[in-house]
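The sequence shown begins at 2 in the numbering used here and counts up one residue at a time.
Report on the following structure.
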Amino acid sequence: MQTSADPQDRHEYPAHWEADVVLRDGGTAHVRPITVDDADRLVSFYEQVSDESKYYRFFAPYPRLSAKDVRRFTHHDFVDRVGLAAVIGGEFIATVRYDRIGAGGVPASAPADEAEVAFLVQDAHQGRGVASALLEHIAAVARERGIRRFAAEVLPANTKMIKVFTDAGYTQKRSFEDGVVRLEFDLEPTARSLAVQRAREQRAEARSVRRLLAPGSVAVVGVGRAPGGVGRSILGNLREAGFTGRLYAVNRALPEGQGELDGVTAHRSVRDIDGTVDVAVVAVPTERVPEVVTECGEHGVQGLVVVSSGYAESGPEGRERQRELVRLARGYGMRIIGPNAFGVINTSPDVRLNASLAPQMPRPGRIGLFAQSGAIGIALLSRLHRRGGGVTGVTGVSTFVSSGNRADVSGNDVVQYWYDDPDTDVALMYLESIGNPRKFTRLARRTAAAKPLVVVQGAGRVPQGHAVRATRLPHATVSALLRQAGVIRVDTITELVDAGLLLARQPLPAGPRVAILGNSESLGVLTYDACLAEGLRPQPPVDLTTGATADDFRGALSRALADETCDAVVVTAIPAVGEESVGDATLAQALRSAAAAVPSKPVLVVHVELGGLAEALSAAASTAPQAQASTRPAPPPPTTQPEQPAPASGTSPVAAAPSEPFVAPGTPGEPGVPGPDSRLIPAYPAAERAVRALAEAVRYGQWRREAADPGKVPEYEDIDEKGAARLIGGLLDRGQGLTLGTRETCELLARYGIAVREAVPAPTPEAGAEAARDLGYPVALKATAPHLRHRADLGGVRLDLADEEQLRRAYAELTELFGKPDELRPVVQAMAPRGVDTVVRAVIDPKAGAVLSFGLAGAASQLLDDMAHRLVPVTDRDATSLVRSIRTAPLLFGWRGSTPVDTPALEELLLRVSRLVDDHPEVVAVTLEPVVVAPRGLSVLGATVRLAPPPVRDDLGPRTLPSY
């Protein structure tokens with residue numbers, strides 16, 4: 002907001018200090034600077050504060066503010082005197098203020114770096130974490146204005162405020178004098194203060210999502226009087242699911258006196274509802290949404306699910322409507338799922354919420370689902386519904402969120418909720434875009450350490466409805482960083498469901514050793530080959546032959562699980578023809594009983610069904626077994642649910658049958674049907690899919706074990722951090738951003754112990770010969786023009802020149818082939834020991850942070866994109882894995898009898914580059930190419946460094962919600 006001018010103002014209104022924050026209970030508030038226009042708001046706020054709170058603030062009875070007080074608390078220069086307010090519904094709920102002080106506590110200006118700080122929180126909002134949030138923001142403002150330390154005087158009885166300061170995690174001193182507690186604390190973020198801030202962030206954001214997923218009351222706004230329509234459908238879905246809370250229908254066109262729709266209490270406005278409304282589902286035309294949001298805000302609704310469309314997905318005008326929607330909702334302390342959302346589901350028996358367009362409630366289970374796209378959400382629910390049942394055990398959904406345009410609640414928020422949700426064991430996410438990769442990788446790393454997080458990340462353009470900042474990182478790089486954070490990255494929703502079913506039902510494998518057994522030799526061989534392709538270590542398949550009985554399967558599985566050289570078992574099964582063939586239910590019971598004896602090893606089943614072909618063959622030969630009598634009703638014929646996509650063109654029912662493995666009727670407790678505590682074994686229609694899911698579980702299990710000991714960032718005594726800082730500061734004084742010259746690059750890298758082999762310019766053959774004499778033969782002659790740099794394949798590099806004659810001849814050949822010396826920019830360089838050419842890069846991305854990359858130089862990295870990536874700072878374990886992560890890594894370790902190179906020296910180089918960009922965020926790009934790694938030592942033959950003012954790091958600032 003812009004304010005009226007005041008002669009005391011020394012700075013323009015700092016609009017960048019405005020922010021939306023999530024409070025401890027999951028509600029939101031808007032934080033902004035207090036201005037001269039806030040006098041009436043301040044007086045109204047103060048009148049609602051209790052006498053006790055006023056006493057704690059002013060150390061004396063202070064019933065009202067004088068005109069002088071109001072002026073003092075609203076006139077700020079935004080440098081030495083700053084006030085911030087937390088605002089909900091346009092009214093102040095809390096204020097914080099600092100005044101810069103000098104020696105003796107008197108008012109001062111810069112360079113004084115201490116300030117007194119004081120808070121006042123309305124009693125009705127105490128306990129919501131408002132003061133803690135304001136402290137983070139006022140501390141960030143103070144640091145920006147050159148203040149390094151806060152002092153606060155608090156009455157001993159004001160224990161809540163003392164706790165706000167002491168719990169913040171800053172380095173502080175505490176004293177007691179004249180009946181007052183004096184607290185002094187530094188404002189520089191510490192490891193503890195960041196940990197406190199992030200723990201509060203997790204609790205607040207998780208609770209904000211919990212309020213949307215576990216409401217005590219729901220109002221559907223926009224329920225049509227006639228059957229059909231979005232609002233009426235959602236109301237029906239809520240009723241059919243058996244929502245345990247209070248349910249209301251809202252339609253402003255209801256006739257007077259009509260108080261019910263479909264057996265649900267109905268009103269013409271949210272304002273007319275007696276009692277609280279926790280969540281409102283908004284399904285009205287776009288032009289009516291602001292009116293509905295205002296009604297909800299004034300009634301105290303806690304959150305909104307907006308299924309209405311016509312927002313950012315429709316173009317620039319819609320994007321502006323979306324911005325206004327978010328601002329309006331947050332102004333009342335509400336969070337939004339949507340707009341253009343498919344809805345939310347919570348299968349908990351205590352909630353049974355289906356506030357979505359899915360007409361069928363998913364099976365209850367332990368899998369959490371998040372999809373930005375409604376269509377993908379439908380496909381995920383449908384596939385889990387088809388794959389989750391059967392005699393191998395039921396796997397269902399705990400919660401489902403389809404965020405639509407995700408203008409407010411995003412995947413980050415839902416991950417915060419799932420992190421400590423006791424009802425969710427596995428999280429599956431389809432992400433079309435990642436708005437804050439730095440935060441997502443941080444949250445994913447913490448969540449993945451507790452439960453699997455499986456992600457499909459869209460590789461195409463960002464959907465029009467998603468307001469996200471652009472990233473310079475390629476899609477493959479972002480994917481690699483997600484894997485580093487423990488995310489299980491898959492490419493399709495089929496793989497997403499395959500991996501999710503395994504991780505929800507089975508323990509993590511202890512290693513890559515796989516036993517294979519079954520009644521089909523061919524299927525066993527296919528499984529064996531698939532294991533090799535995925536980097537697993539399969540044992541030779543055990544063929545039980547097609548005549549194998551259930552007992553044969555049970556015995557073979559028991560033996561395989563008891564084998565200490567086996568980490569997982571894949572069972573392959575095909576149906577046999579004949580009256581003695583084993584049935585699905587009998588086989589499933591045999592496998593479960595064997596698996597239950599060794600619960601620490603995962604078991605998967607590849608179960609090939611012939612479907613209609615089996616019946617056709619049996620009928621034609623008249624050899625079909627007679628159906629046995631059963632008191633149970635026959636299973637109903639499969640039906641196409643509305644939420645299930647139609648089969649693709651050309652897909653036959655027979656082809657679709659394998660997607661429903663082990664389907665059999667029954668209820669828990671009957672023979673062949675698992676009870677709630679049974680071992681659930683996932684079944685797959687193809688060996689490749691089962692093995693791919695197992696391979697992801699193996700890699701994730703390895704990550705979990707390594708995450709327990711992430712390594713450390715080594716200290717090197719020869720690093721001159723302060724000298725590098727002085728050099729960088731002097732260089733940046735020349736301009737906003739620059740690529741360093743050769744001399745400055747070598748000098749800066751040398752401060753971090755990175756030596757670059759000297760390259761002497763050779764503008765003439767004589768200069769080249771003189772340089773070679775100084776360096777000593779043999780030498781290399783290189784063209785450094787941009788179009789020839791690092792392009793030995795074009796002939797721009799001549800190596801092993803043993804004397805001046807060879808040098809002059811090579812010089813003449815280069816100029817004859819490529820042009821004049823001033824076009825080639827030739828240099829002479831002493832020959833390095835022979836080895837493997839590699840490339841090391843570091844770049845700071847505004848969204849993801851600093852990224853360190855490594856690969857082999859030349860075609861491997863340029864053509865095949867064979868590069869590995871890690872987030873900075875890199876630990877010693879990260880450096881070790883980085884070197885081994887590229888596909889061409891065997892060339893470093895003695896491939897085909899070659900001499901292994903000095904990988905410890907290479908890892909040390911990676912760690913030094915990581916330290917450089919981590920210590921100095923002004924270093925926005927570093928490229929070392931080529932780095933020749935020899936059997937002993939390495940040589941950096943080329944280097945470039947780019948400096949720029951460091952990008953703002955939003956992960957180190959106060960907690961804020963994303964803004965438009």
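Built from N, CA and C at the ideal position, the CB exists for glycine as well.
| request: State the start and end residues of the unbroken alpha helix (DSSP H) segment that holds K723. | output: In the sequence shown, counting from the first residue as 1, residue 723 sits at position 722. It spans E722 to L733 - the alpha helix (DSSP H) in which K723 sits, taken as one unbroken run.
| task | Given a cut-off of 9 Å, decide if I89 and A30 are closer than it, judged by their beta-carbon atoms. | result | Taking the first residue of the sequence shown as 1, we reach residue 30 at position 29. Taking the first residue of the sequence shown as 1, we reach residue 89 at position 88. For A30 and I89, yes; Cβs fall inside 9 Å.
| task | Please look up how many angstroms separate the CB atoms of L929 and A949, rounded, as I've assumed it's under 8 Å. | result | Reading the sequence shown from its first residue, position 928 is the one you call residue 929. Reading the sequence shown from its first residue, position 948 is the one you call residue 949. L929 to A949, Cβ: 19 Å. No contact.
| field | Range of the contiguous beta strand (DSSP E) that encloses N347 | value | Start at 1 with the first residue of the sequence shown, and residue 347 comes out as number 346. G344 to N347 is the extent of the beta strand (DSSP E) around N347.
| task | With distances taken Cα to Cα, identify the nearest neighbour of R201 among E48, P959 and G237. | result | As a first step, residue 201 must be located in the sequence shown, where it is residue number 200. For R201, the nearest C-alpha among the options comes from P959.
| request: Pick helix, strand or coil for V44, following the three-state DSSP scheme. | output: Here residue 44 corresponds to residue number 43 of the sequence shown, with the count starting at 1. Helix at V44.
| said: Measuring only the C-alpha atoms, how far is H386 from V352? | reply: Start at 1 with the first residue of the sequence shown, and residue 386 comes out as number 385. Start at 1 with the first residue of the sequence shown, and residue 352 comes out as number 351. Whole-angstrom Cα-Cα distance: 20 Å.
| task | Would you mind stating whether S399 and N341 have Cβ atoms separated by less than 9 Å? | result | Indexing the sequence shown from 1 puts residue 399 at position 398. Indexing the sequence shown from 1 puts residue 341 at position 340. The Cβ atoms of S399 and N341 lie no closer than 9 Å to each other.
| query | What is the residue span of the beta strand (DSSP E) that Y717 lies within? | reply | Mapped onto the sequence shown, residue 717 falls at position 716. Taken as a continuous stretch (DSSP letters only), Y717 belongs to no beta strand (DSSP E), as it is neither H nor E.
| task | Please report the Cβ distance between F554 and V572, rounded to the nearest whole angstrom; I am assuming they are in contact, meaning their Cβ atoms lie under 8 Å. | result | Numbered from its first residue, the sequence shown carries residue 554 at position 553. Numbered from its first residue, the sequence shown carries residue 572 at position 571. Between V572 and F554 the Cβ distance is about 7 Å, and since that is below 8 Å, they are a contact.
| Mind checking whether L497 and D426 have CB atoms under 9 Å apart? | What you label residue 497 is simply residue 496 of the sequence shown in a count that begins at 1. What you label residue 426 is simply residue 425 of the sequence shown in a count that begins at 1. No.
| How many whole angstroms separate the CB atoms of V515 and V491, which I take to be in contact at a CB cut-off of 8 Å? | Within the sequence shown, numbered from 1, the residue matching residue 515 stands at position 514. Within the sequence shown, numbered from 1, the residue matching residue 491 stands at position 490. Going by Cβ atoms, the distance from V515 to V491 rounds to 19 Å, so no, they are not a contact pair.
| message | I'd like to check one pair, A869 with I887: are the Cβ atoms closer than 9 Å? | response | For the purposes of this step, residue 887 is identified with residue 886 of the sequence shown, where counting begins at 1. For the purposes of this step, residue 869 is identified with residue 868 of the sequence shown, where counting begins at 1. Yes, they are a contact pair.
| field | Helix, strand or coil at L948 [DSSP, three-state] | value | The sequence position of residue 948 within the sequence shown is 947, counting from 1. Strand, per DSSP.
| Sequence-distant residues of its chain with Cβ nearer than 8 Å to P62 (five each side left out) | For this step, residue 62 is matched to residue 61 along the sequence shown. Residues D52, K55 and Y56 of the same chain have their beta carbon placed closer than 8 Å to that of P62, with the five preceding and five following residues left out of the count.
| According to DSSP, residues forming a beta bridge with A772 | Stepping through the sequence shown from its first residue, residue 772 is reached at position 771. In the DSSP output, where bridge partners are listed per residue, A772 has none listed.
| said: I'd like to check one pair, G777 with Y812: are the Cβ atoms closer than 9 Å? | reply: The sequence position of residue 812 within the sequence shown is 811, counting from 1. The sequence position of residue 777 within the sequence shown is 776, counting from 1. No, Cβ-Cβ distance for Y812 and G777 is not below 9 Å.
| Proximal residues to Q507 (C-beta, below 8 Å), its chain only, five neighbours per side dropped | Stepping through the sequence shown from its first residue, residue 507 is reached at position 506. Here the set comprises P603, V604, L605, L681, I682, P683 and A698.
| Identify the residues that DSSP records as bridge partners of I517: which are they? | Against the sequence shown, residue 517 aligns to sequence position 516. Bridge partners of I517: V571.
| message | If you measure between the beta carbons of I163 and Q123, is that distance less than 9 Å? | response | In the sequence shown, residue 163 corresponds to position 162, counting from 1. In the sequence shown, residue 123 corresponds to position 122, counting from 1. With respect to the 9 Å criterion, I163 and Q123 are not classified as neighbours on the basis of their beta carbons.
| query | Do the stretch 474-493 and the stretch 841-861 touch if we need at least three Cβ pairs shorter than 8 Å? | reply | Yes, since at least three Cβ pairs between the stretch 474-493 and the stretch 841-861 fall closer than 8 Å, the two stretches touch.
| message | Going by C-alpha to C-alpha distance, which of G938, A726, V714 and G264 sits closest to A756? | response | What you label residue 756 is simply residue 755 of the sequence shown in a count that begins at 1. Nearest of G938, A726, V714 and G264 to A756, Cα basis: G938.
| message | Using the three-state DSSP reduction, which class does P827 fall into: helix, strand or coil? | response | On the sequence shown, residue 827 is found 826 positions in, with the first residue counted as 1. Three-state result, P827: strand.
| Using CA coordinates, which residue listed in A481, P827 and G366 is at the minimum distance from P762? | Residue 762 sits at position 761 when you count from the first residue of the sequence shown. Closest option to P762, judged by alpha-carbon separation, among A481, P827 and G366: P827.
| query | Does the Cβ-Cβ distance between Q373 and R331 come in under 9 Å? | reply | Your numbering for residue 373 matches position 372 in the sequence shown. Your numbering for residue 331 matches position 330 in the sequence shown. Contact flag unset, no.
| query | Closest to E288 by CA distance: which of R322, L728, A109 and T266 is it? | reply | Counting from 1 along the sequence shown, the entry for residue 288 is found at position 287. The shortest Cα separation from E288 among R322, L728, A109 and T266 belongs to R322.
| task | Can you give me the Cβ contacts of Q173 inside the same chain, cut-off strictly under 8 Å, excluding the 5 residues immediately before and after it? | result | Within the sequence shown, the letter at position 172 stands for residue 173. Here the set comprises F166, T167, L184, E185, F186 and D187.
| query | Would a C-beta distance cut-off of 9 Å place K783 and A760 closer than the cut-off? | reply | Along the sequence shown, read from residue 1 onward, the residue named residue 783 stands at position 782. Along the sequence shown, read from residue 1 onward, the residue named residue 760 stands at position 759. Going by C-beta atoms, K783 is nearer than 9 Å to A760.
| query | By DSSP, does A665 sit in helix, in strand, or in coil? | reply | Taking the first residue of the sequence shown as 1, we reach residue 665 at position 664. For A665, the predicted model reports a pLDDT of 30, less than 50, meaning its position is unreliable; a value from the coordinates is still stated below. A665 carries a coil assignment under DSSP once its states are collapsed to helix, strand and coil.
| said: Please identify the residue among V71, H17, P936 and I489 whose C-alpha is closest to the C-alpha of R446. | reply: For the purposes of this step, residue 446 is identified with residue 445 of the sequence shown, where counting begins at 1. Of the candidates V71, H17, P936 and I489, the one whose C-alpha sits nearest the C-alpha of R446 is I489.
| query | To the nearest angstrom, how far is it from the Cα of D21 to the Cα of T295? | reply | As a working mapping, residue 21 is identified with position 20 in the sequence shown. As a working mapping, residue 295 is identified with position 294 in the sequence shown. Taking the straight line joining both Cα atoms gives about 18 Å.
| request: With a threshold of 16 other CB atoms inside 10 Å of the CB of R439, please say whether the residue is buried or exposed. | output: The count along the sequence shown starts at 1 and reaches residue 439 at position 438. It is buried - the Cβ of R439 has at least 16 other Cβ atoms within 10 Å.
| task | Drop a sphere of 10 angstroms on the beta-carbon of W896, count the other beta-carbons inside from all chains shown, and report buried for 16 or more, exposed for fewer. | result | Within the sequence shown, residue 896 is the residue found at index 895, counting from 1. W896 is exposed by the Cβ-count criterion.
| Exposed or buried, which one is Q417 when buried takes at least 16 other CB atoms within 10 Å? | Mapped onto the sequence shown, residue 417 falls at position 416. So Q417 ends up on the buried side.
| task | Could you check what DSSP says for H31 in three-state terms: helix, strand or coil? | result | Start at 1 with the first residue of the sequence shown, and residue 31 comes out as number 30. Looking at H31 - three-state DSSP - the assignment turns out to be strand.
| message | Which same chain residues end up closer than 6 Å to F46 when comparing Cβ atoms and leaving out the 5 residues on each side of it in sequence? | response | Locating residue 46 in the sequence shown gives position 45, counting from the first residue. Hits under 6 Å: F93.
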